[in-house]
Structure formats: structure tokens, C-alpha cells
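Visitor: Residue numbers (our numbering), protein chains in the order written: chain E, 56 to 599; chain P, 42 to 261. Glycine included, every Cβ here is placed at the ideal spot set by N, Cα and C. Here it is, the structure, as C-alpha cells.
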């Protein structure tokens, strides 16, 4: 103890500057073992009545470690000091030391697991949380969410608001990707509230939030988010941010059905990206414009040219995800124009798995179109396989939807899979499978679809169409009752009735589509080519 | 022979007044039938009767509200009548139906240019060019007469508007493009004159000597 006291007297009973100066003057005499001794002393002194002493000692340890320029020793010193500071309820200083410690470890280690082991060895929960937050980014979504929940608890306990903001942002991103928009919204809103206080990345966060609002169909909120983000980007003179805002505004206007200013928004975004030589972003804008052009008669040439140019750009950047997406769009335009051969050539590499990480939306649409093309060519078995693969993807996407509104919206956007599947299963004499699809069709919110079609288009429909819908309700009810009675399921009668029901449904859809074409050119295409959001661009480009 | 064929035949034979009469007869028999009023509007527009053309296009839009071509033709008629506000409204409604309607974008450019709002006019001309970006010789679509001649008009008007805003380098670029994509035509000839003027190292360009507006081509 005397030796320790003497050592302490040597370095602590002077002000900090003098201490550091003295330490530096005597650098040759300071050994790592001495600092380790200091660290141990600080740790030993960390009982409540000795906290003050522990803090002084740990501070000296840190200063010594800085002087000897050894990351490992400094990380240890900072970790111990952070623990002492937390014990003394000096949370912000503790957080600062912890982050510095993590920085030292980063310089020392290449892997997060090694950093984590270090903090485990030092029994330092906050440090573990810091590493876990970073590890979570590479994990699959549910594991990441679990870890981030635990991290959140620790951050809240230490009042680490900035970290909490980023954890919430991270969680929100995970929910968003998994189509859990309500959860994403809750997390984003809290993240915005926290990060607004620090004025950190608010504009980017608002763009993310606006995407979620748009998915929840809260378009006024989207507008507010974009306005605020726009204002921030303008103040920062961030032209790329403004370009992103333009693309988002265009997406919003497309959602609102207000089209007159769309080209201006896309062009301005394109010009800004061009000014900053953002080739991929320019191509993405082109892809947006191409999808827009493809809806309207007389613009196919331009649409083709823009999509081909976008594909070439993405190909050059070796971004297979975006190549697949753009090829998908190009294929749909060919398909809708009756050029099935070209559509097939474009889609085959997508459905054959030649591209990595094809977006689920692109993949199921590609499979659906391939199925639709194989059917009239007399290949019902191949068509069946394509539809089956498509429906698996759609179901996995649908399973992640929580809210009634989202489910209905999602269903309304998708073509009817079950009809063709049941028909094909019957044609290829797969009766058991046919009945399975009937069952699944029922359980997968078949009624939601009808309900939504009615609510969306009621105002635009004539009396005949409404009568048809009512008739469909009756038929569906009959079908439901029949399916409920399992013993009679295998009778040919039921299948015939289903066929009839199916044919009615197809006819109804055709009617509705005709109405849609008249009332909204945007949804004229049978397949839903969604406008691209800035968030989607960011997600896609992040893999470059 | 369907409702319109006779009227179309008359129009092709240059007998516009009879074509109008024939179309009016059809309209009185089938007042709610689509496209009849639109065709009537086209005939009246060609006869220079813009006020009555406007009425016809408006009636057509009552019958087929999302008929893009009727909306932009209404814009053109209003523009001819010197009613910029109504023209802008009509063009916007055409763009709401089809945001890629280059005729409306071009029309808006012309309207804004006429009322002296040159920056906005330039923006609309640029919007058109954004949708038709690849009109060089390597582009097979450059051979398409309509598209190509249309772009000549756009570039020419843009060149003139750049001159009005004293952005002479930009004007030069536009006139050079006119010469490139529409060689031998009237507008290429005019562009050549402007280019000479713009590249005259001795003289300071005096826009007041040039009645630029009168030299502008007709709207499409």
C-alpha cells in the first residue's frame, strides 16, 4: 500500500496538465506494468466511499496510457475509468470513455467478436452493448432485433440518447425491410425525436420516415417530412440530398395521382446527379422515367431507350440487383406489347437465379409473367411451377404484413395467383393440390381482396358492376361453406363450381381493369410497376 | 362508313366547312358519343376558328374527361386566343393525364415565353428535351420525321429564349443543334443567321434590331 501511495503521490497530487507533462517527461520510466497497477488500484478502489479516489487514479491511468501510446493499455484504462464513472453516475463521461475505448479496440482488432471478448473479459456491459449494436447490422433481422432490444435497455439505463437514436433507426430499417411499417413508424418517430435534439442526420432520417408514411398511405405526413428534409438540405447546400428529395416528391405525386410536374422533378434530380457525376443515381432516375413513360401510349421507344441505358449503367457497376429490376421492367413492357419472345429472354436469367439478391417484388412478378407466357404455349406444367414459385414469394411477403390496411393494399396490387394455380392444377390432374390452393386462397384473405376492390372503386362503378360484386360475394360465401365441409371437397361438382367462380372473377377483374384504365392511367397496366422511392434507391445503391 | 369517316374524307379533300357541317350533324344525332367534338375542334382549329375550337374541345372533355389530346388541343386553342392562364390550365390538365405529353410541355414553354417568363419557358423546353435525349445520328429514332422535326422546333424556340435572357452561349448551342438535326430546313437557315450574329466578334448583339417573336415558328 505504501508503494502504491508513493506512486500515486508521484502522479496525482498535481493538476492534470502538470501530471501529463511530468508523465511525458518521465516516459522512459513509465512501464505498461505500472499503468496496469494503476488500473488495478482504480478497480480496487471502486467501492462507494472510494469512488473519488478511483476516479482520480483511473484518470491518471488513462493519461499514462495516452503517454505511452499503447492502444491495448489505453483501452483497458478507458474501460475501467468508464466503469468507475458509471458507478459514480457520471453517465455522459462514462459513455465518452467507452466510445474512446471502442475506438482503441478497433485500431487493435479487426473483428467485432474480438472486441466483444475484451469487454466480456472486463465484465463491461455497456462496452458489450456498443459492440453488439455494430454486430447486429450483419445479422439476420429477427436476431438483430433481439440484440438491439437488449442494447436499447442498456443505453436507456446509461441515458446514451445518441446511441439510442441510432439503435431505433437501425430497428426501424429492419422493420421497414420486412414490411412491418407500423413498427418501423414507431421506431423512426422516436429516432427522429432523439436525433433532432442532436441535429444529426435528420434529413436522411426524415426521408426514411417519409417512405414509411407513404407505405401507410399517410401522404400528408410524407409531404411534411419531405418539406422539412428539403429545407435542411437547402441550408446545407446539399445538392445530392435535394436530388433525392426531387425523386421522392415525384414518387409522392405519382401516389397522389398528380402528374403534371413529374417530368420537371425527375429532370431536376437527373441534372443534380449529373453535376455530381452520380452515374448510378442518374440511371435510377432514368428507370423511374421509363416506368412512367411505359404507361402511356406512344412513349414505348423512349421507355425502351431509357431502360436499356439504365441496364447498361447498372451492368457496368456490376449491380446485379438493379440490373434484374430494370430487366424486369423492360420485360413487362415487352410483354404488355405482346412481344413475348423478348420478354422471355429478359426474364429467364432472373427466374433462373443468374442474379444475386433479386428484389422479391421483381422476382415474383417475373415468375408470374413467365407462368402467364407458358400457359398459352401449351406448357401447363411449367406454368404451374412458375406460379407456385411466385406464390411462395408473395406469401412470404404477405406473412410479414401486420395491419389490415397494408394487407388489403398489398393484395389489391397483386394479380390473382390462386385462380390460375387452381385451373392449372385441375388441368394437370393435380386434384389434391387444386384443393389445397382453394383452401389457401380462402385462408389468404380472399375476402379482403373483394372488400378492397369494392371500397376503392365503388365510386367509379356502375350498377351492373356492383351487382356483379354482390354476386361474387354470394359465390364466395357458397365456396367458403363448401370448403368448410371437408368430406365433400373431392367432388367434381365443387371443382366445377370453383371453375365457374374463377371465370366470373376473371371477368370481374377485366371489368374493373377497364374502369381503372379510364379513371387512372397509372394503374392501367395489369402488373404494378411501382414508382421508385429514394429509399429504394439508397437501399439498392448501398450494395454497390 | 362510320360516324367520322365521311367528315375525314371531306377534310382530306380540303372541304373543311363541309367536314364541319357533317361532324355537327353527327354530334346532333349522337351528342354523347366520344371523339366527335374532338374532331370538330380539330377542324375548327385548322380553319383558324379558335374560339369555337375551344368550345368543341371543352365539350369533348365533358364526355371523355381523361382524353389527353383534347386537353392539350384546348391549351393550344387558348394560347392562340391569347389567353395564357386558360392555356396553362389546359396544358396542366393534359399533363395530369399524361405527364410525358411533350406537346403540352412544349406548349407551356411557348405560353411562358410569350408572357415574358423566359426562365420558366426554358424549364419547359428542357423538360421536353429530357424526354427526347438521344436525337443524334446514331439514334435510329432520329430518322422519324415527326419526332425529329418536333425537336428542331423545341431547340429553335429554346435558342430564341436563351437569346432573350442573354445567355448567348446556350443560344449558340441550341442553334447548332437545330442545324445538326434539321439540316436544310427553314429553321436551320434562320439558326444559321443567328449563329452568324452571335459569333460576330465586332458587333455587340442588339436584340432590339431583331423582331424575334415574329420569327418564331407556329406552335404545333
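Just verifying my parser: in three-state terms, what is the DSSP assignment at residue 280 of chain E?
Guide: If DSSP states are grouped into helix, strand and coil, residue 280 of chain E belongs with the helices.
Visitor: For a minimum of 4 consecutive residues, which ranges assigned as the alpha helix (DSSP H) are wholly contained in the segment 196-232 of chain P?
Guide: 209-222
Visitor: Measure the C-alpha to C-alpha separation of residue 56 of chain P and residue 64 of chain P and round it to an integer number of angstroms.
Guide: 12 Å
Visitor: So what's residue 142 of chain P in DSSP terms, helix, strand or just coil?
Guide: Correct three-state label for residue 142 of chain P: coil.
Visitor: Using the C-alpha atoms, what's the distance from residue 114 of chain P back to residue 310 of chain E?
Guide: 27 Å
Visitor: State yes or no: is the C-beta of residue 156 of chain E within less than 8 Å of the C-beta of residue 134 of chain E?
Guide: yes
Visitor: If we cut at 8 Å on Cβ distances, does residue 351 of chain E have a partner in chain P?
Guide: yes
Visitor: Which value, in whole angstroms, describes the spacing of the CA atoms of residue 281 of chain E and residue 125 of chain E?
Guide: 47 Å
Visitor: If you draw a straight line from the alpha carbon of residue 217 of chain E to that of residue 235 of chain E, how long is it in whole angstroms?
Guide: 24 Å
Visitor: Mark residue 70 of chain P as exposed unless 16 or more other C-beta atoms lie within 10 angstroms of its C-beta, in which case mark it buried.
Guide: exposed
Visitor: Between the segment 351-382 of chain E and chain P, which residues of the former have CB atoms less than 7 Å from a CB of the latter, in chain order?
Guide: 351, 354, 356, 357, 360
Visitor: Could you tell me whether the segment 252-265 of chain E touches the segment 286-300 of chain E, using the rule of 3 or more Cβ pairs below 8 Å?
Guide: Between the segment 252-265 of chain E and the segment 286-300 of chain E, the count of C-beta pairs closer than 8 Å reaches three or more; the two stretches touch.
Visitor: Whole angstroms is fine: what's the gap from residue 574 of chain E's alpha carbon to residue 314 of chain E's?
Guide: Residue placement at residue 574 of chain E cannot be trusted, given a pLDDT of 35 that sits under 50; the coordinates are not used to answer.
Visitor: Under a CB-based cut-off of 8 Å, is residue 140 of chain P close to chain E?
Guide: yes
Visitor: Can a CB atom of chain P be found closer than 8 Å to the CB of residue 315 of chain E?
Guide: It does: the Cβ of residue 315 of chain E has a partner Cβ on chain P nearer than 8 Å.
Visitor: I'd like to know whether the C-beta atoms of residue 129 of chain P and residue 149 of chain P end up nearer to each other than 8 Å.
Guide: yes
Visitor: Residues of chain E with CB under 8 Å from residue 147 of chain P, in chain order?
Guide: What residue 147 of chain P touches in chain E: nothing, since even the nearest Cβ is about 12 Å away.
Visitor: In its own chain, which residues sit with a C-beta less than 7 Å from the C-beta of residue 414 of chain E, not counting the 5 before and 5 after it?
Guide: 376, 380
Visitor: Using only the alpha-carbon positions, how far apart do residue 353 of chain E and residue 75 of chain P sit?
Guide: 20 Å
Visitor: So does the segment 355-365 of chain E actually touch the segment 331-347 of chain E, counting three or more Cβ pairs closer than 8 Å?
Guide: Contact between the segment 355-365 of chain E and the segment 331-347 of chain E is present, because at least three Cβ pairs lie under 8 Å.
Visitor: Are residue 137 of chain P and residue 104 of chain P close, meaning C-beta to C-beta below 8 Å?
Guide: no
Visitor: Would you kindly work out how many angstroms separate the C-alpha atoms of residue 210 of chain E and residue 276 of chain E, rounded to a whole number?
Guide: 30 Å
Visitor: Contact criterion: CB-CB distance below 8 Å. Does residue 319 of chain E meet it with respect to chain P?
Guide: yes
Visitor: Does chain E have any CB closer than 8 Å to the CB of residue 102 of chain P?
Guide: no
Visitor: Roughly how far, in whole angstroms, is the beta-carbon of residue 421 of chain E from the beta-carbon of residue 406 of chain E, given that I think they are within contact range, below 8 Å?
Guide: 5 Å
Visitor: Please say whether residue 194 of chain E and residue 226 of chain E have beta carbons closer to each other than 8 Å?
Guide: no
Visitor: Do you know how far the Cα of residue 80 of chain P is from the Cα of residue 48 of chain P?
Guide: 9 Å
Visitor: Between residue 85 of chain P and chain E, is there a C-beta pair that is closer than 8 Å?
Guide: no
Visitor: For chain P, check one thing: does any of its Cβ atoms lie closer than 8 Å to the Cβ of residue 385 of chain E?
Guide: no
Visitor: Quick one: Cα of residue 239 of chain P to Cα of residue 135 of chain P, how far?
Guide: 37 Å
Visitor: Exposed or buried, what is residue 285 of chain E when buried is set at 16 or more other beta-carbons lying within 10 Å of its beta-carbon?
Guide: buried
Visitor: Would you call the CB atoms of residue 193 of chain P and residue 156 of chain P closer than 8 Å?
Guide: Between residue 193 of chain P and residue 156 of chain P, the C-beta spacing is not below 8 Å.
Visitor: Step through the CB atoms of chain E and report whether any lies within less than 8 Å of the CB of residue 136 of chain P.
Guide: yes
Visitor: With 8 Å set as the bound, which would you pick, yes or no: does the beta-carbon of residue 325 of chain E sit closer than that to a beta-carbon of chain P?
Guide: yes
Visitor: Can you find a C-beta in chain E that's less than 8 Å from the C-beta of residue 53 of chain P?
Guide: no
Visitor: Does DSSP classify residue 105 of chain P as helix, strand or coil?
Guide: coil
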